[in-house]
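S.K.: The sequence shown begins at 118 in the working numbering and counts up one residue at a time. For glycine and all other residues, C-beta sits at the position ideal for the given N, C-alpha and C. Keep in mind that this is a model prediction, so the values were computed, not measured.
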Amino acid sequence: MHEPNLRVLTSPETPPRTVLLALHGGRPVSRAPVRGTHFAYRRMFPLARAGQRPDVAVWVLRNRVRGWNEPELDAVGDAHRALDVIRRAHRGARIALLGHSMGGRVALRLAGEPDVVGVCALAPWTTPDDPVEQLTGRIVRIVHGDRDRTTPPETSLTYSRRARRAGATLSRHVISGSGHAMLRRAQQWNAQVSAFAADCATARCPR
Numbered sequence: 118m119h120e121p122n123l124r125v126l127t128s129p130e131t132p133p134r135t136v137l138l139a140l141h142g143g144r145p146v147s148r149a150p151v152r153g154t155h156f157a158y159r160r161m162f163p164l165a166r167a168g169q170r171p172d173v174a175v176w177v178l179r180n181r182v183r184g185w186n187e188p189e190l191d192a193v194g195d196a197h198r199a200l201d202v203i204r205r206a207h208r209g210a211r212i213a214l215l216g217h218s219m220g221g222r223v224a225l226r227l228a229g230e231p232d233v234v235g236v237c238a239l240a241p242w243t244t245p246d247d248p249v250e251q252l253t254g255r256i257v258r259i260v261h262g263d264r265d266r267t268t269p270p271e272t273s274l275t276y277s278r279r280a281r282r283a284g285a286t287l288s289r290h291v292i293s294g295s296g297h298a299m300l301r302r303a304q305q306w307n308a309q310v311s312a313f314a315a316d317c318a319t320a321r322c323p324r
């Protein structure tokens, strides 16, 4: 099986205080390898660059396979490996997770990991069974287009309400006229990522 691939998009001249890790979307079930040409992966590049700051390194993960794949949770496992690499490369740096669709689900799932200060989930795929307790104490920003037919915005609204009841502090933003691919109103999506990166760049690392 292919190994997950990490690509460093931008890196400051001095050791970064924050690393933004971008996680792409996928499918509920698929063992097909993720190619570098797949749209779900390529779409993360301009979004991730929107989080660029002088003290932030921006990385993009390409998963081994396209699926979430219960019960193995391949996408979660690949993100775990990426976090380990980041910790070795930049010991003590804050980690901010940026995910779209399935990648948003992965990011939300891993919010409680050491050194993760925040999660930005774009059009996230969420279910009523997804845990929410791990979001407490993290910066959480959820963004959804009101024309999304792949992961309807009502699902992230329900998730957000559950998370708040569990003690999480989060912000949820709706982008009018935009769908799941985030191609319409692209500047608004980028602005959300930029604001998230700015918030994380001054956050205290959880321990």
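So R289 and I256 are supposed to be a Cβ contact under 8 Å. How far apart are they, rounded?
M.R.: Contact doesn't hold; Cβ gap of about 13 Å is too wide.
S.K.: With a threshold of 8 Å, are at least 3 pairs of Cβ atoms found where one atom belongs to the segment 308-315 and the other to the segment 150-169?
M.R.: Taking 8 Å as the limit for Cβ pairs, the verdict is that the segment 150-169 does touch the segment 308-315.
S.K.: Starting from H197, trace the alpha helix (DSSP H) in both directions and tell me its first and last residue.
M.R.: 191-206
S.K.: I believe L138 touches A199 by the beta-carbon criterion, under 8 Å. Please report the beta-carbon distance rounded to the nearest angstrom.
M.R.: The Cβ separation is near 6 Å, so the contact holds.
S.K.: Between M161 and H217, how many whole angstroms is the CB-CB distance? I'm expecting something under 8 Å.
M.R.: M161 to H217, Cβ: 6 Å. Contact.
S.K.: Ignoring anything shorter than 4 residues or poking outside the segment 146-184, list the alpha helix (DSSP H) runs there in chain order.
M.R.: 156-159, 161-166
S.K.: What does the Cβ neighbour count give for Q304, buried or exposed, with the cut at 16 atoms within 10 Å?
M.R.: exposed
S.K.: Does DSSP put L227 in a helix, a strand or coil?
M.R.: coil
S.K.: Check each candidate in Q251, S128, G220, D265 and name the one with the smallest Cα separation from A298.
M.R.: D265
S.K.: Nearest-angstrom Cα distance between R281 and L287?
M.R.: 7 Å
S.K.: What residue from R279, G221, V173 has the CA that sits closest to S128's CA?
M.R.: Residue V173 is the option with its Cα nearest to S128.
S.K.: Could you please give me the residues that DSSP links to G235 through a beta bridge?
M.R.: A213, I256
S.K.: Taking the alpha helix (DSSP H) that A139 belongs to, which residues open and close that run?
M.R.: That residue, A139, is in no alpha helix (DSSP H); its beta strand (DSSP E) goes 135-140.
S.K.: How far does the alpha helix (DSSP H) with T131 in it reach, from first residue to last?
M.R.: First-last for T131: undefined, no H or E at that position.
S.K.: Taking the alpha carbon of N180 as the point to measure from, which residue in R148, T275, T243, R278 has its own alpha carbon closest?
M.R.: R148
S.K.: From what residue to what residue does the beta strand (DSSP E) around S288 run?
M.R.: Its beta strand (DSSP E) spans residues 287-292.
S.K.: Helix, strand or coil for G349 per DSSP?
M.R.: Residue numbering for the chain in the displayed model covers 118 to 324; residue 349 lies beyond these limits and cannot be assessed.
S.K.: Helix, strand or coil, according to DSSP, for N122 in the structure here?
M.R.: In the structure shown, N122 adopts extended strand secondary structure according to DSSP, grouped into three states.
S.K.: Return the chain-ordered list of same chain residues with a C-beta closer than 7 Å to the C-beta of R301, the five sequence neighbours on each side being excluded.
M.R.: G294, S295
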